[in-house]
Structure formats: structure tokens, C-alpha cells
Amino acid sequence: MRLSQLPLTTFREAPADAEVISHQLMLRAGIVRRLASGLYSWLPLGVRVLHRIERIVREEMNRAGALEVSMPGVQPAELWRESGRWEDFGPELLRLQDRHKRAFCLGPTHEEVITDIARTELKSYRQLPVNYYQIQTKFRDEIRPRFGVMRAREFVMKDAYSFDLDEEGLEEAYQVMRRAYSRIFDRLQLTYRIVQADSGAIGGSQSEEFHVLADSGEDAIAFSEADGFAANVETVPVAPVGESNRPAPRQDLRCVATPGVRSIADLCEFLDVTPQQCLKTLLVAGTESPAVALLLRGDHELNAHKAQALDGVATPLRMLSAAQVEAAAGVAPGSLGPLGLELPAFLDQSAALIGDFSCGANRAEHHYTGVNWDRDVPLPAVADLRNVTSGDPSPGGGGPLTVARGIEVGHIFQLGTKYSEAMGATVLDSGGRPRTMHMGCYGIGVTRVAAAAIEQSNDARGIIWPNAIAPFDVIVIPIALDKSYRVREATEKVAGRLEAAGLEVLVDDRDQRPGSKFADADLIGIPHRLVIGERGLDRGEIEYKSRRDDAIEMIALDSLAEFLAARAKSPALPDS
RNA sequence: CGGGGCAUGGCGCAGUCUGGUAGCGCAUCUGCUUUGGGAGCAGGAGGUCGGCGGUUCAAAUCCGUCUGCCCCGACCA
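Each residue of the first sequence is one higher than the last, beginning at 358 in the numbering used here.
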């Protein structure tokens, strides 16, 4: 490809509204353009990246025996009513009507459609197992699209759905996909971790996420190098602690006026104590009562998944508004505490171990200090309510956990019979009896992978694409192209040889000064660069530089093709 | 959904307070020079100042309203 034939507009400065580095660089390098909030167009360079990702995904899915299909983006409400998700899915599901006033939605995922296909196409156990997949645009009406393509409303996803006769079959299909995913992310040259996950709105039991490690990631994942444990923080239990460790009371209970104190941070400043010495009281909606109190240490975060599993707590978890708190407790949030609070309450196990702590007094602008369980207030029901933090012991038994940020790029689920049951997807078994099929579903965020790759690999000059997904393998930069016959001739020869060797080559034949060509080449992140100038040609050599380091090598023209082919090809994976 | 901010040429910004010719850098077009890390000179094109309404002799600027976009929050207690 000649750069003179490719309209490439790069920016020196990032648009002001781009926050994360991948978003800024994608805009600056002419990979995507924003159309509206959460909606992005992919320009030629970007599409090449997507195609490369998709190609790897396709190859590995096919290798794993999955069958490619293509399903509509617009789906009838009827199907979603059958599964029950027309009601359950919430506002992320964009609903629309056609001219006949029939209800449809924009597909955020395709369990319903694929289950419909399966129940009509699959009749006999002898047709199983089957795994269908597609690479397709999804739409989710995100409450807050952000980080460019990373949390967009419209995005490209590879989704796959397996159908098996029983649980054993599903388990096997799941493991096949797990291996395929590992191969895919290995080939994409990303640094990732497989973590235990919560299956969320899609339902089902066993579920794991593939996370690319990056500080800008939206998820917190906890892992221990020592024992290999890794899980989304949402799912990690905090190890039980003995109540006997509670210190004996030393202070007297006191009620102090705390004007203007609203938060734990305020309280700590006012009383000169640490958050660990405070107790916070959160009110959430209950099933039996209007409110349930959840009590945590001041420095801990509530874990919504753990909380909504408690008896009497409404699912999904809903925090009460300030007005609802007033109605339920007779005091504004900010002065809440367990003493004299006439509501069902749960106490986090870590918060059960503190003594002489401070908390709200259920009286406007007042707090207690020197509070102790049992002595001043009966100990409420104790449960695990909080997120783990760095330093908590690993549930795997191997030392402390580390909490890091990750970008979720893949997710695999064992769905079981949730959809097949609701939608009557059965096959006949060997005894001629109908059996409900067991399903798995497996997603990869294709567009998100592109962003994650940039988050993981960039520098001050721009993107550094992994070989596997770069829009081109190599960029050839001729110096003073139209002044030098030798340079022109060498450029043609080099590009021709590299292309013949199976490489995708971008030739910067634009009539520009070298400086701006170098800058663009660095920005758009082509992994390998060749510079062709009179200087090197005198010695029959071409200058080579990797985007990843600063060293320059001079390569003999004749050995160029092998030299680059060795470097630019993605590392091969062993067949399995 | 709650809070905050922004909206002036493709991108980044000034001008708004104090109403009076719409400006700068980058990008873009033409010509000449230049050609190893974002060139120089000269000339040019491109803007309903987000929309609507109002005040005024006069509105990018003041007032009202709507829309769009971004950030933070949705774990304040």
C-alpha cells in the first residue's frame, strides 16, 4: 500500500475530550473517529487492525471446531419475552418499533437468537456437540460510554454458543473454548490473566474472564503469584476471622457534636482518627423492610454481590437515596450508626473486630466515639460484606493477594439450561426422549482488544502495535524519493520483495520531509521500519529500526526479505 | 440518574468579564526554495461563533431556553 493513496490525517495534539491514552492515540493516528457518544467509525488503518484480530479469532475458533454463523443485529421482542430478559435486561437494551408498531431490540448479545436456531436446527443427540460463533456488531445503551472504543455503545464482538446433551459435554466444550481463548490471546501478544468471575446478568454457573492487565482497566482483579489464584474482586471471599481477636474496650462511650461532618473522611479529620477506626453504615433497600443496614469499617468497600446475597436484601442491590434514609432512620446519611438503629443489620466480619471506634449517632451532626460491640451495642449478624484489598490472604492459601486493574477482553460462561429450558431447546436422546440442551457462551470484545493492545503498548511518540495486529508489518520510508532515481528504484525493489515474502508493506511515498514521515510512522505504530536513502545505498544497505527500541541496524539489500520475515511474523504456536 | 464543565474553521486554543471589522498555532491548497526526526518564504481557501427566542442602533460577547459533548459520582452515610 502506498501512503499517497491512503488519506491519513494525523493530529499532533489529542482532541481535548479524549481521556485515556488508547483513545487519544487512536484519534491522533487516524484509526477511529467519533460519530456520537459511544459510537465510532473505523478508518482504513483501524479496519486493518480489526481484520487482523478477527482473523486470529476465526482461525482459532475454527481450529476448535466452532461453526461460523451470522445473526441479525435487530431482534424481535417476542424472543426476549420467551427468555424473560425483555423485562430483566434493563435500559441497556435499546428497544425500538418498526412501522407496524412491532417491538424489537438492538442485540446486545445473541443467546435468544442462537437458542431459537438451535431448537429448530438441532433435533438429535447425534448432532451434538455443536458450537456456533459469529463476529458481529453489538449494541448496548451504556449508562456512560467512556474511554473511547473501550466502553462504547456499539462494538464488535465475537460471540460463541455451545450446545451439549449434558453437563459433562458442556464442561468439555467449556474447556475447549478456554484453551482456544488462551491461544487467541497468546497470538494477540497481550499480557493477560484468566480470572474467576461472576456471571452477572447473563446467568449460569461457572464463568471466567480474560483480563488484559492495564492501569486504566475498569475492573479490579485479585491474584496471588504464589498459588496461581486469580479472580475478579467482585467474587473473592474474605477469609473468615475469629471474633476472639477483638480488643478490650479502653475508652468510654461519648457522643460528640460534629457540625458539618458528612463522610468518613470528614469524620477522620474532625476527630483525628484513621478510617480503620471508624464504622460506616450504609442503608440499602430490603425485601421485608424498607431498609437494611450494612456496617463496614471506614476504609473498606461494600461488595454488591455479597450484599445482595444476604437474607432480606433486595436484588439487585439498591442504595437508598438521602430522602429514603431520612424516612427509614430519621436522620440524614452522614450521621448514621448502629446504636439505637431499629433496622435489620449486617456487620462485616472485619468491622466486628474493631473496638473504641467512631460512628454516626443517628442524631443530626453528632457521632459517637469509643464505641465497643456488646458493651454499647449488641453485635449484629456478622457476614463477609466487603471487597478484598491488597494484602488480604489468598483463598488459594498462598500468601497475600495483589489487586490490580484489568480490561475485560474475554468472558466464558457455562450457562447450563437457562435459555434452552425457557425456550424449549431440546433434542431426542438415544432412548427417544427429549432432553434440554446444556449451553455455554463465550465472548471476545474485538474492538476492545484493539484499545487494550494500545493501553498495554505505547510510548511518548505513539502506538507500538504487537506484530500480530499491526495494520502493516513494515513501513518503508524513502528519503527524497522524487529527487533520486536510485532511491525510487530501491524502494520498488524492497517493497516488492517484502510483499513477495508475504509481508504487508506500507510505503510512505508522500512528498514530505523525512521528519514528519518518521513522526507519523512512530505515531501509527508500525512495528518495523526501513529507511531508504542515498546514504545507505552507496554501501548496498538499508536501514532497519524496530518500533520497540532505538537501535538502528544496517541490512544488506539482498538479505532484507529473510531478515524481516523472521522478525515480523508472529511467533508460531505449537499445534495441539 | 445526580453533580460539574465545555460548545468559536478538520484539530488545539484566544476573544465573552467591559456588546462595535472573528483571531492565533497546527492541518489544508498554490508557487518557489528545502529534503535523515513534525522545514522556510510568499500567496489562498475554509467559520450560520451548537440551535431557537429575547434585550439592543448593534450580540461570539448580555438574558432565557433547548440540544450536544466531556469529566466525576451512582460505595456520602
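Virtual Cβ for every residue (Gly too), placed ideally from N, Cα, C. For clarity, every value in this text was computed on a predicted model and none was experimentally measured.
Query: Proximity winner among Ala684, Asp668, Ser678, relative to Pro1000 (alpha-carbon distances); Result: Because residue 1000 is not part of the residues shown, which for the chain are 358 to 933, the question remains open.
Query: Validate contact between the segment 702 to 720 and the segment 624 to 639 using beta carbons, cut 8 Å, 3 pairs; Result: yes
Query: Cβ contact check for the segment 496 to 512 and the segment 788 to 808: 3 or more pairs under 8 Å; Result: yes
Query: As assigned by DSSP and simplified to three states, the class of Leu667; Result: coil
Query: Three-state secondary structure assigned by DSSP to Gly763; Result: strand
Query: Proximity below 8 Å, CB of Arg550 to CB of Phe580; Result: yes
Query: For Ile711, the three-state DSSP class (helix, strand or coil); Result: coil
Query: Extent of the continuous alpha helix (DSSP H) to which His657 belongs; Result: Where His657 is concerned, there is no enclosing alpha helix (DSSP H), given that its DSSP letter is neither H nor E.
Query: Ser933 burial status per 10 Å Cβ neighbour count (16 or more: buried); Result: Because the pLDDT at Ser933 is just 47, under 50, the model does not fix this residue reliably, and the value given afterwards should be weighed accordingly. Ser933 is exposed by the Cβ-count criterion.
Query: Beta-carbon proximity check, Tyr518 vs Met780, cutoff 8 Å; Result: no
Query: contact_flag[the segment 392 to 409, the segment 813 to 821] where n(CB pairs < 8 Å) is 3 or more; Result: no
Query: Beta-carbon separation (whole angstroms), Ile821 vs Arg905, contact threshold 8 Å; Result: 6 Å
Query: Touch test, the segment 753 to 770 against the segment 604 to 618, Cβ-Cβ under 8 Å, three pairs minimum; Result: no
Query: Paired residues, beta bridge with Ile801 - DSSP; Result: Lys515, Gly767
Query: 3 or more residues per run - each beta strand (DSSP E) lying fully within the segment 450 to 527; Result: 452 to 454, 460 to 463, 487 to 496, 511 to 521
Query: Backbone secondary structure at Val598 - three-state DSSP; Result: coil
Query: Own chain, CB closer than 6 Å to Asn744, minus 5 neighbours either side, in chain order; Result: Val590, Glu658, Asn660
Query: Cα-Cα separation between Gln665 and Leu742, rounded to whole angstroms; Result: 9 Å
Query: Assumed close pair Val598, Gln706 - CB separation to whole angstroms, cut-off 8 Å; Result: 5 Å
Query: Contact check, Val734 vs Leu696, beta carbons under 8 Å; Result: yes
Query: Neighbourhood of Glu478 by C-beta distance below 6 Å, restricted to the same chain and skipping five residues each side; Result: none
Query: Residues near Asp786 in its chain [Cβ-Cβ closer than 6 Å; skip 5 each side]; Result: Tyr482, Arg792
Query: Outcome for Lys850 when other beta-carbon atoms lying within 10 angstroms are tallied against a minimum of 16; Result: exposed
Query: Cβ contact (3+ pairs, closer than 8 Å) linking the segment 402 to 409 and the segment 420 to 436; Result: no
Query: Cβ separation of Gln813 and Leu384, assumed to be a contact under 8 Å, to the nearest whole Å; Result: Contact flag wrong, Cβ pair sits at about 18 Å.
Query: Spatially closest choice to Glu370 from Leu360, Gln362, Ala386, Glu891, by CA coordinates; Result: Ala386
Query: Beta-carbon spacing of Ile832, Pro871 below 8 Å; Result: no
Query: Close Cβ partners of Glu778 (< 8 Å) along its chain, the five nearest in sequence each way excluded; Result: Thr793
Query: DSSP three-state assignment for Trp730, whether helix, strand or coil; Result: strand
Query: Pairwise C-alpha distance: Val784 and Arg476; Result: 8 Å
Query: Whole-Å CB distance - Ala708 paired with Pro690, under 8 Å assumed; Result: Not confirmed; about 18 Å, so no contact.
Query: CB-CB length for Tyr776 against Ser440, believed under 8 Å; Result: 6 Å
Query: Residues near Gly800 by beta carbon distance below 6 Å, same chain, minus five either side; Result: Met514, Asp516, His768
Query: Segment limits, beta strand (DSSP E) that includes Gln563; Result: Element bounds for Gln563: n/a, residue is neither H nor E.
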